[in-house]
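Written below as C-alpha cells is the structure these notes are about.
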Amino acid sequence: MQPKLAIISGGGRLPVRIASHCRKEGREFIVIALKGNADPNLLNEFEHEWVRIGAAGKLIRLLKKNNIKEIVMVGSVKRPSLFNAFPDLRGIKFIILSLKQFFAGDNAIITSIIKEFEGEGFNVIGIDNILEELLSPLPGVLGAISPTESDFENIYLGIEFARDLGSRDLGQAVVVADGELISVEDKYGTNKLISASAKATQNLQCAVLVKTLKPNQERRVDLPTIGCETIELAFKNNFAGVAVEAKNSLIVDREEVIRLADKLGLFLVSVDVTKIEKGVLKIAIIAGEASGDIIGSRLMTALNYQCQRPIKFYGVGGLQMQKKGLESLFPISEIAYTGFSEILPNLLTIISRIRQVASYIDKLEPEVLITIDCPDFSLRVAKKVKSKNTCCIHYVAPSVWAWKPGRAKKMAKYLDLLLTLFPFEIGYFGGVGLKTECVGHSVMESGVLKGIGKEFRNRNALRDDALLICLLPGSRLNEVKRHLPIMEEVIHRVHSQIGQIELVIPVSPIVADTVKNMVKTWEFDIYFTETDEEKYNAMAACNVALAASGTVCLELALANLPNVTMYKMSWITNLLANLLVKTKYVNLVNVLFDREIVPELLLMACTPSNISSKLLEIIQDSGIRQKQLKYFSLLAERLQNSEGRPSEVAAKAVLKQVT
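Sequential numbering of the sequence shown, starting at 3, is according to the numbering used here.
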C-alpha cells in the first residue's frame, strides 16, 4: 500500500491533476495549499489546509499530524521577499540557516527546503513519480507541424542561452528570434516572458520559446512546464513554436496541447539537450508520384521524430511532402509518366530534370539521398550522383521479380541501402550484394482499416440497399485519361443489366480537376472524395470497386471491398509489356498469394466487355465475393512489420546509415 501523500500546492491546475489521480488510485492524500498562490476554487472538492509560505513550523506540524510519509511540491509559487514572508519561529530558523540561499536563485532555496523536509523524515518525490505521462516524451516533433531550418537554429541557440541562464539559477526559459536572444524568464514566469517579448518580436520572424531544466536542478520540484495556456499565448504573440527538454519537462494535458498547437499552426518539439549536434542533417528526398509522396511524408515525420539533430529536407515531392517542410524543385506531375509511348514525348523534359536534380544534389552534398519508388526517374538520379559524402538509399524496390531482373545487380553498384515493402524481395537484391531491409508496406499506416461506411452513406443520404461502385482510374493524368472512357462504358453496361447504381470516385489533387471535367457529362450520381479519410470511408461504404492497378489494390483488399483490376496502355507499350514482363500477376494481392484472387483485365484484355462481365459476376455471385474476402482477411499479416510502423522502421534504418 502506498504511503499517505501531502500535495503542497502552489498555483495552476497541476495540484488538482495530482489530487484527482490519487483519488482515482485510492491513495490517501491531503492538499496543503500555500496562501496567495493556490487557487481556492480548484481545491474545494479535496481535503485541504491553508499555510503561509513562511509558516514552516505549522507546515511541519500538519505533515506529522496527518501521518505523511511522502511529499510532492506542485504548482507555481510567487517568491516572497525576506520581509513579507511573515515567517514563524521555525521559518526564521530556516531563513537564518539558509540566508545565503534565500538571496540566491530558486533552485538553491528549493534544495534547502527539501533538506529540511528530509531532515524531518519525509520523502520528497517528483510529479513524474505519480504521473509519468506528464513528462515530455523522447526527442522529436510532437505534432503535425515541423520546424523549419531557421526554427531549429533558433531552438538550439535558445538551448545554449537557457542552459547559461539556468546555470546561474535565474530562470528556465528564453525567447529567440532571427538568431538573437530576445528575452529571458524572470521571477514572473513563462507567460509573462511570452507577453513581454511580443513588442520586441513584432518585426521579426520565427520567434521561438525554449524551456530547459537548469543544470544541477533539483528535478523533483520546479520542472519546466507548459500547457494549453502557453500555446495560446505563443500563438497570440506570433510565435513560430515551442521547444521543451525531453524527459525533463512537464506538458500538462499533452494530447490537448498537441492538438491545440496543430490547430493554431505552431510546432511543438521535444529536444535532448545532452546530445545536441549543432549541424543540420541535410537529407535529399525524391518522390515522383502520388503514392511516393504519401510514403515520403510519413518517412519525413518519422525521421523528424527519431533524429536528435534538426533536419532540412531538399528535393522533389508533392503536396504531402511539402506540408512536412520540403520545398520541391518542381511539380511531380512533370515526371509522373508511365509506359513507353507516354515517356517518349516527354523524354527531353525528363532527362533534363534528372540532370537538374543530380547536379543539385552534388552541389548540396547532403548526408543522405532517399529516392522513393518511381525507379525510371529516381534511380537514374541516384546513379548520376557523384558526391562521395552522400549515402544513397532507395525506398520501394522496383519489381525485378516481374521484369528486368538484371536491375538488381546494377543497383548494388550505386545504392548503399534498399528498403523493401515485402519480405520476399530481400532475396532478389541481397543475393547480388545490395544491403536490403524489409520495412513493411506503407499502406498499413494509411488508415484504410478505419473506414466507416455507414457514416459515408448517411452523410450522402445513400440508402442502405443502394448499389455503390467505387471507381479508381489512377493517380497519374495519363492513367486517368486512358481509363475513364473505358470505365464509363463499363458502367453503362453494368447499369443496363442491373438498373440503378451510384458511383464514388476518390481523387488526388494532381488529377482532381481532370477527373471532374471528364465525368461531368456522365448520367449517374457521382460522389467525389478528396481526403484519405473520406476515401477509406467510401471504400467501406461501397459494394464493389473497379481500379487501375497500383497500391490502391492493397487498400481495397484491406478495406474488404471486392474488386476488379484493370490497366490500359498504348499499343506500343502493350507490345513491349507482353515481350518483357515475366510475372503472372500485377495485382499485389494476387502476387502475394500466387493466384488470381482479383480478376486482372490488362493491356489488350482491358475492354469494356471483359471488365463489365467480371464486375457483374462479383456483383451477382456471393460465392465469388466470399472467395475474395477470404484472402483479403489474410493480407494484413503479410504486409506489416513486427518492429513497428513501416515509416518508423524505415526512419530507423536511414538514421543507422548516418550515425
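Cβ coordinates follow ideal geometry from the N, Cα and C atoms, glycine included.
Item: Quick one: Cα of residue 58 to Cα of residue 157, how far?; Value: 40 Å
Item: Give the single residue among 353, 400, 401, 410 whose Cα lies nearest to the Cα of residue 386.; Value: 353
Item: Could you pull out every unbroken alpha helix (DSSP H) segment of at least 4 residues lying fully inside the stretch 399–471, listed in chain order?; Value: 409–413, 428–432, 455–461
Item: With distances taken Cα to Cα, identify the nearest neighbour of residue 329 among 167, 320, 377.; Value: 320
Item: Within a Cβ cutoff of 7 Å, which residues of the same chain sit near residue 553, ignoring the five residues on either side of it in sequence?; Value: 293, 445
Item: If contacts are defined as beta-carbon pairs under 8 Å, then residue 382 and residue 356 qualify, I think. What distance do you get, rounded to the angstrom?; Value: 5 Å
Item: Just curious, the beta strand (DSSP E) that residue 176 is in, first and last residue?; Value: 175–179
Item: Applying the criterion that 16 or more other CB atoms from any shown protein chain within 10 Å of the CB defines a buried residue, is residue 499 buried or exposed?; Value: exposed
Item: Rounded to a whole number of angstroms, what is the C-alpha to C-alpha distance between residue 456 and residue 537?; Value: 13 Å
Item: Got a sec, what are the start and stop residues for the beta strand (DSSP E) residue 35 sits in?; Value: 31–36
Item: Should residue 622 be labelled buried (16 or more other beta-carbon atoms within 10 Å of its own) or exposed?; Value: exposed
Item: Within 8 Å, do at least three Cβ pairs link the stretch 506–521 to the stretch 431–447?; Value: no
Item: Are the stretch 228–245 and the stretch 253–270 touching by the rule of at least three beta carbon pairs closer than 8 Å?; Value: yes
Item: So does residue 622 have its beta carbon nearer than 6 Å to some heavy atom of the ligand NAD?; Value: In the structure on display, the ligand NAD does not appear, and there are no ligands present to speak of.
Item: Can you check the stretch 484–554 for any beta strand (DSSP E) of at least 3 residues that lies completely inside it and give the ranges in chain order?; Value: 504–508, 528–531, 546–550
Item: Give me the Cα-Cα distance between residue 179 and residue 187, rounded to the nearest whole angstrom.; Value: 15 Å
Item: Between residue 401 and residue 442, what straight-line distance do the alpha-carbon atoms span, to the nearest angstrom?; Value: 16 Å
Item: Is it the case that the Cβ atoms of residue 6 and residue 30 are separated by a distance below 7 Å?; Value: yes
Item: Tell me the DSSP secondary structure of residue 2 in three-state form.; Value: No answer is possible for residue 2: the residues shown for the chain start at 3 and end at 661.
Item: Assign residue 74 to one of three DSSP states: helix, strand, or coil.; Value: strand
Item: Going by CA-CA distance only, name the one from 570, 598, 214, 597 that's closest to residue 604.; Value: 570
Item: Is the beta carbon of residue 653 sitting closer than 7 Å to the one on residue 146?; Value: no
Item: Taking the alpha carbon of residue 419 as the point to measure from, which residue in 408, 393, 261 has its own alpha carbon closest?; Value: 393
Item: In terms of residue numbering, what span does the alpha helix (DSSP H) encompassing residue 612 cover?; Value: 610–622
Item: Take every Cβ of the stretch 119–137, pair it with every Cβ of the stretch 284–298, and state whether three or more of those distances are shorter than 8 Å.; Value: no
Item: If you pair each beta-carbon of the stretch 586–596 with each one of the stretch 467–487, do three or more pairs fall below 8 Å?; Value: no
Item: DSSP state of residue 135, grouped into three classes?; Value: helix
Item: Are the beta-carbon atoms belonging to residue 13 and residue 39 less than 7 Å from one another?; Value: yes
Item: Quick one: give me the first and last residue of the alpha helix (DSSP H) that residue 291 is part of.; Value: Note, residue 291: premise wrong, no alpha helix (DSSP H); not H, not E.
Item: Along the chain, where does the beta strand (DSSP E) that runs through residue 184 open and close?; Value: 182–186
Item: With DSSP collapsed to three states, give me the class of residue 168.; Value: helix
Item: Return the first residue and the last residue of the alpha helix (DSSP H) that residue 395 is part of.; Value: It is not in any alpha helix (DSSP H) - residue 395 instead sits in the beta strand (DSSP E) that spans 393–397.
Item: Restricting to Cα atoms, I'd like to know which of 298, 150, 436 is closest to residue 650.; Value: 298
Item: Whole angstroms are fine: how far does the CA of residue 296 sit from the CA of residue 501?; Value: 37 Å
Item: Helix, strand or coil for residue 18 per DSSP?; Value: helix
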